[in-house]
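J.: Please see the structure below; I have some questions.
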Amino acid sequence: MLNIGRITATAFCIILSTPAWGQPLSDEELDRRVNAIYADRLGDTDQRLAQLNDVLDEFDGDEGPALRVSAASAHIWILISNGRSAEAMSLIEDAYADLPLDAAPLKDAARFEAGVGSAAGALDDVKGAFVYFQRAHDRFLRAGDMQSVSWLLGNIANVYARVGDMEMANVTYARAWALREDQPDDHIKGYLLINWAGQLTTPSDAAQAMALLDRAEPIVDALDDEIMGGYILSVRARALHHLGSPQSAEAAARGAIGVAERLGLDAVRADAHGVLASLALERGDLDAAERYATVTLDTFTQANDDANTRDAHALLAEIFEAWGRPEAALSHLNAYIELDKSINSELARNRAAISDASMQLREREHELEALQAEQDRAERRLTRWLLVAITMSVAVVVLASMYRVTRRAKALADERARLLAISEEKASAASRSKSTFLASMSHEIRTPLNGILGMTQALQMEPLAPRQQEMVSVVLDSGQTLTALLNDILDLSKVEAGKLEIAPIDGDLRQSLGRLHTLWRPRADEKGLSLDLSVSDVVPQQLRFDPVRIRQCVSNLVSNAIKFTASGCVRITVEAAPAGDHTWRIDITVADTGIGMDEAACARLFTPFSQADASTTRKYGGTGLGLSIARKLSRMMGGDITVTSTPGVGS
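Under my numbering, think of the first position of the sequence shown as 85, with each following residue one higher.
In structure tokens form, the structure reads like this:
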């Protein structure tokens, strides 16, 4: 999949960087002129900068912090919105290094920090972008500016997507949308939906991406924004391709190319050519496939977009393999593996950096909360003692006693805070080390594993003796098993660390389970089993749920049922019952006619790394993690997973 999340993130920051300015400050004329220059988004950049410099020349050094921060924000945002982020960062580090942000109004300081985050993101400083977006978000939140809060959450979600943490990205997109959903349509809503959809253009989430685009389209039509329209066409083309609608996908891709060539949107043009290449490959038009894929590769290579360049190499490897040109296919496969290794290492570093930044921000928040609480307690004690002193006319004695009591209380609080900080730091360090180790090791293991799987698949296409084919198949099966184990371990560690969150959205449960049924039916057919899905008519058409986690839980149950059933059938049944105001209890049952289990095996079924017995592991394989993860996810969604089973009859 060619990833356009990073592409649209840039436009998101550019177009949405114009929230309304605050009330006029003490020097009204200077403030009015700064605002007028900043608001002229269609004006020539150099001309706007010259006008702003003229205004800055009139500053006499006695301006208040609000006007100074406001002018600095205008300066850097004019540069950022015209692709001059390096120049903006130079100003931030030099001329604006000592801005009195804490003395300025919250919104002015937040706009400046949002600009620093945008410049850092454009310069690939992911940790810097995350930290400053988070700081700006917190200031806007304290100021009660929920429109800007949702905008910053969209930017933070883009950062999560850039480091490959799609779970946190989806959760953060959902939080941002929840703040904007009932507000008037604007660019924030449009780009938020488009960015979110862009991260979901995978085979499993394409329907959800289409639903988001359907929401975005009327907003874009009302705004008459061609740039946003081009991005919608590009994302829609990829989603339609994954949903098996080649003609509609091609029409959307060609529409995106038309807009991109007219407006100079190189990334949109390249991504749409990638869709056309995939479609041409599927219908066997290898000349066209190579031509389109080469445009995609060249464009993303020139833009230094490693992730999309890697995916373009993978597409060209497929094309040349289908063409019977193994040397060219191997060349692109090697390029893919090298880029993938580099990207995964960078992702691991960036994830660790963001993890550290998140921990530091939380620690700072805890410190501020503790200081504020101590200050509040001291003020309450002072008030009480002063009232007593006035009443008893012994203010001096009371104040002296209060001073001693306060000093003892402060010393005790300081000691407790010191011990608590030491304990928290030890716990945090252990948690960070575990998270960093797991993230790094998973990527370090996945990189050579991807190479092994890629080369094994390429070798499988070669003319081999039957014995050699058998050995290659064993290597491929082993590699896929190891990949599944890595994924399970990472999911389990995220659940236990509290970093895996539930992100409910409006959707159709029937449709989600129908796609899952279609996905598993070929596996059941291979074993001669029938796979049935029955959904009660009582189940509402629209529910709010997390489709990714529902699918993960049910897929695990269906996979196990098929694995442990030699003959007969596997049935998925869905029942519903009202459970309160606008709430439903949904019961999903997966029943099989497989080997079954006794009570002892059922009792340890949901323990990590546990299966019915050792012979089960030897005969059927598996890690014993899937059901443990599924139960934890179910409980996070307010439900549970239970089992009833009879040996030799089924579960």
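Glycine included, each C-beta is placed from N, C-alpha and C at the ideal position.
Here the structure is a predicted model, which is why all the values come from computation and not from measurement.
State whether the stretch 205-220 contacts the stretch 169-184, with contact taken as three or more CB pairs (one from each stretch) at a distance under 8 Å.
T.: yes
J.: Using a threshold of 9 Å, state whether the C-beta atoms of residue 412 and residue 404 are closer than that.
T.: Taking the sequence shown and counting its residues from 1, the one referred to as residue 412 is at position 328. Taking the sequence shown and counting its residues from 1, the one referred to as residue 404 is at position 320. Yes, Cβ-Cβ distance for residue 412 and residue 404 is below 9 Å.
J.: Determine the extent of the alpha helix (DSSP H) in which residue 362 is found, giving its start and end residues.
T.: Translated into positions along the sequence shown, residue 362 becomes position 278. For residue 362, the enclosing alpha helix (DSSP H) has its first and last residue at 350-366.
J.: Taking the beta strand (DSSP E) that residue 629 falls in, what are its first and last residues?
T.: Here residue 629 corresponds to residue number 545 of the sequence shown, with the count starting at 1. Note, residue 629: beta strand (DSSP E), 627-629.
J.: So, at 6 Å on beta carbons, what are the nonlocal neighbours of residue 675 in its own chain, with the 5 sequence-adjacent residues on each side left out?
T.: Counting from 1 along the sequence shown, the entry for residue 675 is found at position 591. Counting only Cβ-Cβ distances below 6 Å, and skipping sequence neighbours, we find 655.
J.: Please report the distance separating the alpha-carbon of residue 661 from that of residue 318.
T.: Mapped onto the sequence shown, residue 661 falls at position 577. Mapped onto the sequence shown, residue 318 falls at position 234. Distance from the CA atom of residue 661 to the CA atom of residue 318, rounded to whole angstroms, is 41 Å.
J.: By the three-class DSSP mapping on this structure, what secondary structure does residue 596 have?
T.: On the sequence shown, position 512 is the one that residue 596 refers to. Of the three classes helix, strand and coil, the one that applies to residue 596 here is helix, per DSSP.
J.: Tell me which residues share the same chain as residue 323 and place their Cβ nearer than 6 Å to its Cβ, disregarding the 5 neighbours each side in the sequence.
T.: Here the question's residue 323 lines up with position 239 in the sequence shown. Excluding positions up to five away in sequence, the list reads 285, 290, 293, 294.
J.: Who are residue 730's beta bridge partners in DSSP?
T.: The residue you call residue 730 lines up with position 646 of the sequence shown. DSSP, once it has assigned bridges, lists 734 as partnering residue 730.
J.: Going by DSSP in three states, residue 395 sits in which element: helix, strand or coil?
T.: As a working note, residue 395 is residue 311 in the sequence shown. In the three-state scheme derived from DSSP, where H, G and I count as helix and E and B as strand, residue 395 is classed as helix.
J.: Between the beta-carbon of residue 347 and the beta-carbon of residue 311, is there less than 9 Å?
T.: Position 263 of the sequence shown, counted from the first residue, corresponds to residue 347. Position 227 of the sequence shown, counted from the first residue, corresponds to residue 311. Yes, Cβ-Cβ distance for residue 347 and residue 311 is below 9 Å.
J.: How about residue 191 and residue 223: do their beta carbons lie closer than 9 Å?
T.: Along the sequence shown, read from residue 1 onward, the residue named residue 191 stands at position 107. Along the sequence shown, read from residue 1 onward, the residue named residue 223 stands at position 139. For residue 191 and residue 223, yes; Cβs fall inside 9 Å.
J.: Cα-Cα, which of 650, 626, 226, 368 is closest to residue 734?
T.: As a first step, residue 734 must be located in the sequence shown, where it is residue number 650. Ranking the options by Cα distance to residue 734, first place goes to 650.
J.: Look up residue 614 in the DSSP assignment and give the residues it is bridged to.
T.: As a working note, residue 614 is residue 530 in the sequence shown. Per DSSP, 653.
J.: Per DSSP, which one or two residues make a beta bridge with residue 586?
T.: Position 502 of the sequence shown, counting from 1, holds the residue named residue 586. None; residue 586 has no bridge partner.
J.: With which residues is residue 591 paired in a DSSP beta bridge?
T.: By one-based count along the sequence shown, residue 591 stands at place 507. Its beta-bridge partners are 627.
J.: Per DSSP, residue 659 is paired with what?
T.: Position 575 of the sequence shown, counted from the first residue, corresponds to residue 659. Beta-bridge partners of residue 659 (DSSP): 671.
J.: Determine the burial state of residue 268: buried for a count of at least 16 other Cβ atoms within 10 Å of its Cβ, exposed for fewer.
T.: Here residue 268 corresponds to residue number 184 of the sequence shown, with the count starting at 1. Under this definition residue 268 is an exposed residue.
J.: Express the C-alpha separation of residue 621 and residue 345 in angstroms, rounding to a whole number.
T.: The residue given as residue 345 occupies position 261 in the sequence shown. The residue given as residue 621 occupies position 537 in the sequence shown. Rounded to the nearest angstrom, the two C-alpha atoms are 49 Å apart.
J.: So what's residue 199 in DSSP terms, helix, strand or just coil?
T.: Position 115 of the sequence shown, counted from the start, is the residue given in the question as residue 199. Residue 199 falls in the helix class under three-state DSSP.
J.: Assuming contact is defined by CB atoms lying nearer than 9 Å, are residue 753 and residue 658 in contact in what I supplied?
T.: Residue 753 is absent from the model: the chain starts at 85 and stops at 735.
J.: Roughly how far, in whole angstroms, is the beta-carbon of residue 401 from the beta-carbon of residue 420, given that I think they are within contact range, below 8 Å?
T.: Against the sequence shown, residue 401 aligns to sequence position 317. Against the sequence shown, residue 420 aligns to sequence position 336. Sure, about 6 Å apart at Cβ, within 8 Å.
J.: According to DSSP, which residues form a beta bridge with residue 619?
T.: Against the sequence shown, residue 619 aligns to sequence position 535. Bridge partners of residue 619: 658.
J.: I'd like to know if residue 179 contacts chain D, where contact means its C-beta is closer than 9 Å to some C-beta of that chain.
T.: Within the model displayed, chain D is absent; a lone protein chain is all it includes.
J.: If we count the other Cβ atoms within 10 Å of its Cβ and call it buried at 16 or more, is residue 283 buried or exposed?
T.: Looking up residue 283 in the sequence shown gives position 199. Burial call: buried.
J.: Could you check how far apart the C-beta atoms of residue 316 and residue 297 are, in whole angstroms? I think they sit under 8 Å.
T.: Position 232 of the sequence shown, counted from the first residue, corresponds to residue 316. Position 213 of the sequence shown, counted from the first residue, corresponds to residue 297. Indeed, because the Cβ distance is near 6 Å, the residues count as touching under 8 Å.
J.: Taking the C-alpha atoms as reference points, what is the distance between residue 379 and residue 357?
T.: As a first step, residue 379 is located in the sequence shown; it is residue number 295 there, counting from the start. As a first step, residue 357 is located in the sequence shown; it is residue number 273 there, counting from the start. Near 7 Å, if we compare the C-alpha coordinates of residue 357 and residue 379.
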